[in-house]
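Encoded as structure tokens, the structure appears first; notes follow it.
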Amino acid sequence: MAVLLMAEINDGHLSMDATAKAVTAAQALGDVTILAVGSKAAEAGKEAATIEGVAKVLVAEDARYGHRLAEPTAALIASLADDYDHIAAPATTDAKNILPRVAAMLDVMILTDVTAVVDADTFERPIYAGNAVQTVKSKDPKKVLTIRTSTFDAAGTGGSASVEEIAAVDDPGLSEWVEDKLAESDRPELTSAGIVVSGGRGIGSEENFAVIEKLADKLGAAVGASRAAVDSGFAPNDWQVGQTGKVVAPDLYIAVGISGAIQHLAGMKDSKVIVAINKDEEAPIFQVADYGLVGDLFEVIPELTEKL
Amino acid sequence: MKVLVPVKRVIDYNVKVRVKADGTGVDLANVKMSMNPFDEIAVEEAIRLKEAGKAEEVVAVSIGVKQAQETLRTALAMGADRAILIVAADDVHQDIEPLAVAKLLKAVIDEEQPGLVIGGKQAIDNDLNATGQMLAALTGWAQATNANTLDIDGDHAVVAREVDGGLQTIKVKMPAIVTTDLRLNEPRYASLPNIMKAKKKPLEEKTPEDYGVDVGPRLEVVKTAEPPERAAGEMVADVDTLVAKLKEKGVV
Ligand SMILES: Cc1cc2nc3c(=O)[nH]c(=O)nc-3n(C[C@H](O)[C@H](O)[C@H](O)COP(=O)(O)OP(=O)(O)OC[C@H]3O[C@@H](n4cnc5c(N)ncnc54)[C@H](O)[C@@H]3O)c2cc1C
Ligand SMILES: Nc1ncnc2c1ncn2[C@@H]1O[C@H](COP(=O)(O)O)[C@@H](O)[C@H]1O
């Protein structure tokens, strides 16, 4: 069996963590060919060729794949589909945008956020905000899936797969990129960080988030947020952790001023150690926390930052 | 311009979900059902386009059990003009897959010729996040998913999308498929007079056969299980104890 795996590439840079974790899942399905697509993708393709277990890398570097708009990227993947039984990608916003389009072009269903590969046709995925885990068996001739990276270990590096350039296909020309407003940060990336410190509505304001950021910086952690904190404008959208935001599973997750709604838990309950700090002892977050501390975050967090 | 808004009837987001003991699925009998929250945002956005004079008509469509009438009545009470219900299941536990939903929506689009479709990014029951993108493939239209802002500019739509790194703005040719993210707007509540008025708005009933679409599932549900439970933790009295525990665990 052969698998085509779209590597996660942003602005020419390979996201090694997401891609290598998806490789682990894909290896269970067959020989893995990586597709490196973008306006700059050759370097990322070369780097992806070092991931252990990768058989081959295809590089599609062309201006029309800049910012990986869904229509041209899906058209490219669909044009390659004949040679593969599975088409996969780490479940990033890019892949969630592109792969369902590919699946419909191939007249097959999509499997999103796969958390376990049972066999070539059978997969596990969470539903209802992680309140249930469904095992589904696909009857389609080809499987198109996105892989939830937080549940797989990254494949190692040291491999040296062959790299082949492939031609671009026609761009339907339906959309154009206008601009990106991306947060610049020296902090680790949220989905691959070993430690995440998240703030909720309890933080109260954008300025107050500095309390969270100081603790994060002390720990070399990424910063996350609840939906309420994002909706209130305290934190940018890309910090949202949860059912409809990012899914994280760091070694340590510190939830501060977050009540613990099921939609938030969906994005962090697989963290190895969870710490909750909340002034309300009844807050549901304490039910999933390994260590809970009842207190005012504006007293607790500065003290914690100092003592760590 | 006509705007088509697909709305799904799902378990209310506040309800505690229970997995059925026999592992066949989640118990949906006698639980509170509501419009998928992302679809409320979609209806709101469509109505705002109408209020701004950029759309003439808002048509809500739902696919599922007969009871999805209620969901459509909610859309009508919020301000949609008319509704189409495609009755494709008779058991509330039967979920119609995004590919089949997209095929039905494509058939509705062929008849209705909307200039824009606004749907939700994700249904909070199956958590698939796929229908809009699939519909865009079947229609061959542009797609703009995870919309944070939407501006119609002549024959184009400019959409800021919520992506992993922040916001990405794209300009798509109309007709197009847009899916909503949480920050696009805050949906209104239907007022009592509008709920009354909605009862008189047209709600047409169809079946998949009317459109010649096979809604048979491609995915067989083998089993539905409870997620692994976390072992109970402990409460600590102060910061010093917390620091000591974390050091002991070796996580800091
Ligand atoms: C369709 C949909 C999708 C959603 N997706 C997500 C998602 O992806 N991620 C997500 O997080 N949510 C999501 N939600 C929202 C979710 O239901 C909750 O509303 C949200 O998580 C609540 O955020 P919060 O805990 O910060 O706020 P609240 O529930 O308001 O909790 C704030 C907490 O802060 C505590 N607090 C206040 N002041 C202090 C203080 N000084 N010191 C200590 N503690 C303090 C309070 O005791 C309280 O427990 C979604 C909801 C819907 C409907
Ligand atoms: N059965 C349905 N009826 C109407 N709209 C639906 C249905 N299923 C999905 N949709 C639309 O597609 C969006 C995404 O759903 P999904 O792809 O299932 O996560 C929803 O927010 C709705 O706008």
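Same order as they appear, the protein sequences are chains A and B.
In terms of the working numbering, the numbers along the first sequence are unbroken and rise by one, the last being 329.
In terms of the working numbering, the numbers along the second sequence are unbroken and rise by one, the last being 426.
Each residue gets a CB set at the ideal place from its N, CA and C atoms; glycine is no exception.
Source: prediction; values computed, not measured.
Note that the segment 314-322 of chain A does not touch the segment 365-379 of chain B; fewer than 3 beta-carbon pairs, one per stretch, sit closer than 8 angstroms. If the five residues before and after ALA69 of chain A are omitted, its C-beta is found closer than 7 angstroms to the C-beta atoms of ALA28, LEU35, THR40, ILE55, ALA57, VAL75 and VAL78, all from its own chain and listed in chain order.
Cβ neighbours of VAL266 of chain B within its own chain (closer than 6 angstroms, five residues either side excluded): LEU202 and VAL239. If you draw a straight line from the Cα of ASP83 of chain A to the Cα of ALA189 of chain A, it comes to about 7 angstroms. Within the same chain, Cβ atoms closer than 6 angstroms to the Cβ of GLN342 of chain B are found at ARG335, the five residues on either side in sequence being excluded.
Taking C-beta atoms as the reference points, VAL233 of chain B and ASP255 of chain B count as a pair closer than 8 angstroms. Closest in C-alpha terms to GLN308 of chain A, from the list A:ILE322, A:GLU327, A:SER280 and A:ALA214, comes A:SER280. DSSP places GLU29 of chain A outside both helix and strand once states are collapsed to three, so it counts as coil. In the structure shown, ARG208 of chain A falls within a coil segment according to DSSP collapsed to helix, strand and coil. Look at LEU202 of chain B: its C-beta is not under 8 angstroms from any C-beta on chain A. Annotation: the continuous beta strand (DSSP E) that includes ASP325 of chain B extends over 316-327. Three or more beta-carbon pairs drawn from the segment 292-302 of chain B and the segment 179-194 of chain B are found closer than 8 angstroms, and the two stretches are therefore classed as touching. For PHE255 of chain A, the CB stays at least 7 angstroms from every heavy atom of ligand 1.
Scanning the segment 220-299 of chain B for uninterrupted beta strand (DSSP E) segments of 3 residues or longer gives 231-238, 256-261 and 290-294, listed from N- to C-terminal end.
Shown here for VAL205 of chain B: same chain residues with a beta carbon closer than 7 angstroms to its own, the five before and five after excluded, namely ILE185 and VAL189 in chain order. When A:GLN264, A:ALA204 and A:ALA47 are compared, the shortest CA-CA separation from ASP174 of chain A is found for A:ALA47.
Rounded to the nearest whole angstrom, the C-alpha separation of VAL425 of chain B and ILE306 of chain A is 20 angstroms. For GLU200 of chain A, the three-state secondary structure derived from DSSP is strand.
Beta-bridge analysis with DSSP links VAL244 of chain A to A:VAL218. Bounds of the alpha helix (DSSP H) holding MET308 of chain B are 305-313. Among the residues of the segment 84-118 of chain A, those with a Cβ less than 8 angstroms away from any Cβ of chain B are HIS88, LEU90, ALA91, GLU92, ALA95, THR113, THR114, ASP115, LYS117 and ASN118, in the order of the chain.
Assigned with DSSP and collapsed to three states, ARG89 of chain A falls in helix. Sequence-distant partners of MET348 of chain B (beyond 5 residues in either direction) whose C-beta falls short of 7 angstroms from its own C-beta, in its chain, are GLY289, LEU290, ASP329, HIS330 and ALA331. Of A:MET289, A:GLU324, A:ALA231 and A:LYS293, the smallest CA-CA separation from THR415 of chain B is found for A:GLU324. Ranked by Cα distance from ALA49 of chain A, the first of A:ALA96, A:ILE131 and A:PHE144 is A:PHE144. Distance check between VAL261 of chain B and each of B:ALA406, B:ARG404 and B:LYS380 places B:LYS380 closest, using alpha-carbon atoms only.
Going by beta carbons, ASN320 of chain B and THR114 of chain A fall inside the 8 angstroms limit.
One finds LEU420, LYS423, VAL425 and VAL426 in chain B with Cβ atoms closer than 9 angstroms to the Cβ of LEU273 of chain A, taken in chain order. ALA242 of chain A sits close to ILE216 of chain A, with the two beta carbons spaced by under 8 angstroms. Listed as beta-bridge partners of GLN284 of chain A by DSSP are no residues whatsoever. Per the C-alpha coordinates, the member of A:ILE168, A:PRO162 and A:VAL135 positioned closest to THR156 of chain A is A:VAL135. Annotation for ALA95 of chain A: ILE119, ARG122, VAL123 and MET126 place their beta carbon closer than 7 angstroms to its own, counting only its chain and skipping 5 residues before and after. Look at the segment 244-260 of chain A: the residues with a C-beta under 9 angstroms from a C-beta of chain B are ARG248, VAL251, ASP252, PRO257, ASN258 and ASP259.
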